[in-house]
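If you use full-length UniProt numbering, the sequence shown corresponds to residues 1 to 452, in order.
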Amino acid sequence: MAKPKRRYVCSSCGGVTTRWQGQCADCGEWNTLSEEAPQTVFSTKHDLSSGGRPIRFTPLDAPGEVPKRRASGLAEFDRALGGGLVPGSAILLGGDPGIGKSTLLLQAAAHIANSGSSAVYVSGEEAAGQVRLRAERLGLSKAPIQLASATSVRDILTTLGMMDAPTLLVIDSIQTMHSDTIEGAPGTVSQVRGCAFELIRYAKENDVTLILVGHVTKDGNIAGPRVLEHMVDVVMSFEGERSHQYRILRSLKNRFGPVDEIGVFAMEGAGLAEVGNPSMLFLSGREEAMAGSAVFAAMEGTRPVLIEIQALIVRLQSGATPRRAVVGWDSGRMAMLLAVLEARCGLNFSSAEVYLNVAGGYRLADPAADLAVAAALVSALGDRPLPKNTVWFGEVSLAGEIRPVAHSSIRQRESAKLGFGRAYGPVATTKPEKGLEFTGMSMLPNLVDRIL
Ligand code: TYD
Ligand code: MG
1 MAKPKRRYVC SSCGGVTTRW QGQCADCGEW NTLSEEAPQT VFSTKHDLSS
51 GGRPIRFTPL DAPGEVPKRR ASGLAEFDRA LGGGLVPGSA ILLGGDPGIG
101 KSTLLLQAAA HIANSGSSAV YVSGEEAAGQ VRLRAERLGL SKAPIQLASA
151 TSVRDILTTL GMMDAPTLLV IDSIQTMHSD TIEGAPGTVS QVRGCAFELI
201 RYAKENDVTL ILVGHVTKDG NIAGPRVLEH MVDVVMSFEG ERSHQYRILR
251 SLKNRFGPVD EIGVFAMEGA GLAEVGNPSM LFLSGREEAM AGSAVFAAME
301 GTRPVLIEIQ ALIVRLQSGA TPRRAVVGWD SGRMAMLLAV LEARCGLNFS
351 SAEVYLNVAG GYRLADPAAD LAVAAALVSA LGDRPLPKNT VWFGEVSLAG
401 EIRPVAHSSI RQRESAKLGF GRAYGPVATT KPEKGLEFTG MSMLPNLVDR
451 IL
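Now the structure itself:
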């Protein structure tokens, strides 16, 4: 048998090398490589003398093997999951500290316990008393949840092995768990991976839905090895501004459903309330349509977001050089768009000051913002409010064409979900989505004709 080699694993990307280095060759991070136990090497003989046992193949339509989903009791949570909890599956829930992960899961666990199934909530971060205090605040202290404060995976699995398997098992958080068979402090790559592996195996063998809370790093990724995301069936992120009330639950990966569904919640005095009609969230304060304001259906990486773009145009009387100021977008790109509007649509911005602002401190990088910015500029120039409940997306070329952009169906679906009724976009865009009226435009003058 070949001597197992030493291996060093990067805690940021999970890359493996056989030699220690200061910098990971895969992701370029510094000081992230640490030594791991060598991998076992099997015999290369491919018959029963290798010690393996034959596995069983089954046809795709084998009866009784399709898992049935269970409702969590929180409709927005179920929606983001693609229709409820799948037995024997593992969900990783990430999010900033204090965003409400523990609150969300305590509420889901209470719903399940109240409906007669059993729910186990293991907190490695808080003492049982603290969790109980939160439950009291949420009005859930009567829910028959099995609550424990523990961090040893061996203890947790031993205890679970002695009782009937629960419907739901919540581990808050995976970074606080440790296994005594693995070297290293809790939160290190090998500990996180080893503990997750043991817990996931238990969940799969016993048809338990396992939810692991995961910490996130500064840049929003789930801390610990990327491999954790590969090991679980569903990766979700709970997002929002801590100072604001609204929280959005998204699935970033889902082996059992779509990834572009979102769940919307509001953090209130007594926990998370579901926001069944999230359009209110974005439309409040915008009862009267304002000239110069356009809603852009943007994509943040693979995620859709709706963002308001505001333009203000001030006509100058004197011959002074007009100011142009942009917050949240590329000023060169705005200069280009103004030039296209002048050259292709005959509009005149030359003696006017132009201000452009992206609401909420967002910084737009998506090229599809062109059409929404153009709509805001034209609306401000003509002092004509844009139609209400409308979103815009599309790229504009120097020739004034409105060009197709990626993910147009996700943009439309998100807009419809958030209560918008109409979208303007590139004419060559794919099919219009349900619940939304789509109007395709091919040239920028079409846009100007519609607004002015
Ligand atoms: P928590 O669930 O502990 O966040 P996480 O587990 O993601 O770190 O939520 C903590 C925040 O939520 C805390 O700052 C206070 C707020 N909160 C409420 O506003 N109302 C409530 O009923 C509860 C329980 C928490
Ligand atoms: Mg917590």
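Positions of the beta carbon are idealized from the N, C-alpha and C atoms, including for glycine.
Of the residues assessed, residue 133 falls on the exposed side of the cut-off, its CB having fewer than 16 other CB atoms within 10 angstroms.
Per DSSP, residue 68 lies in no alpha helix (DSSP H) and is assigned neither H nor E.
Taking a C-beta distance under 8 Å as the contact criterion, residue 416 and residue 388 do not qualify as a contact pair. Residue 446: member of the alpha helix (DSSP H) spanning 444-451, first to last residue. A direct Cα-Cα distance of roughly 7 Å separates residue 309 from residue 373. Of the residues 332, 333 and 350, the one whose Cα lies closest to the Cα of residue 317 is 350.
The residues 337, 394, 395 and 396, in chain order, have a CB closer than 7 Å to that of residue 370 in the same chain once the five nearest residues on each side in sequence are set aside. For residue 255, the shortest separation between its Cβ and any heavy atom of ligand 1 does not lie below 7 Å. Applying a distance threshold of 6 Å between residue Cβ atoms and the heavy atoms of ligand 1 selects 95, 97, 98, 99, 100, 101, 102, 103, 134, 137, 138, 267, 269, 270 and 271, given in chain order.
From the listed residues 203, 289 and 87, the smallest Cα separation to residue 383 is found for 289. If you compare the alpha carbons of 182, 344, 367 and 155 with that of residue 329, the shortest gap goes to 367. The three-state secondary structure of residue 403, taken from DSSP, is strand.
Beta-bridge annotation (DSSP): residue 441 is paired with 426. Residues 86, 87, 88, 89 and 207 of the same chain have their beta carbon placed closer than 8 Å to that of residue 67, with the five preceding and five following residues left out of the count.
For residue 265, the enclosing beta strand (DSSP E) stretches over residues 262-268.
Here the distance from the Cβ of residue 172 to the nearest heavy atom of ligand 2 is below 7 Å.
At least one heavy atom of ligand 2 sits closer than 7 Å to the Cβ of residue 125.
Taking 8 Å as the cut-off, the beta carbon of residue 378 is found closer than this to the beta carbon of residue 452. Going by C-alpha positions, residue 386 is about 16 Å away from residue 445. Restricting attention to 294, 198, 327 and 442, the CA atom closest to the CA of residue 365 is found in 327.
Rounded to whole angstroms, the separation of the alpha carbons of residue 331 and residue 91 is 42 Å. Spatial neighbours of residue 69 in its own chain (CB-CB distance under 7 Å, excluding positions within 5 residues in sequence) are listed in chain order as 83, 84, 85 and 86. Using a Cβ-Cβ distance cut-off of 8 Å, the region 98-109 and the region 163-181 are in contact, since at least three pairs of beta carbons, one from each stretch, lie closer than that value.
For residue 154, same chain residues with a beta-carbon under 8 Å away, outside a window of 5 residues either side, are 179, 180 and 181 in chain order. One Cα belongs to residue 271, the other to residue 58, and the distance between them is close to 45 Å. Cβ neighbours of residue 17 within its own chain (closer than 6 Å, five residues either side excluded): 8.
Contact holds between the region 152-166 and the region 184-202, because three or more Cβ pairs, one in each stretch, are under 8 Å apart.
Per DSSP, the continuous alpha helix (DSSP H) segment holding residue 412 begins and ends at 408-417. For residue 195, the number of other beta carbons within 10 angstroms of its own is at least 16, and it is reported as buried. Under the DSSP definition of a beta bridge, residue 329 lacks any partner. Counted as a single uninterrupted DSSP element, the alpha helix (DSSP H) harbouring residue 370 occupies residues 369-382. Distance from the Cα of residue 146 is smallest, within the candidate group 152, 164 and 139, for 164.
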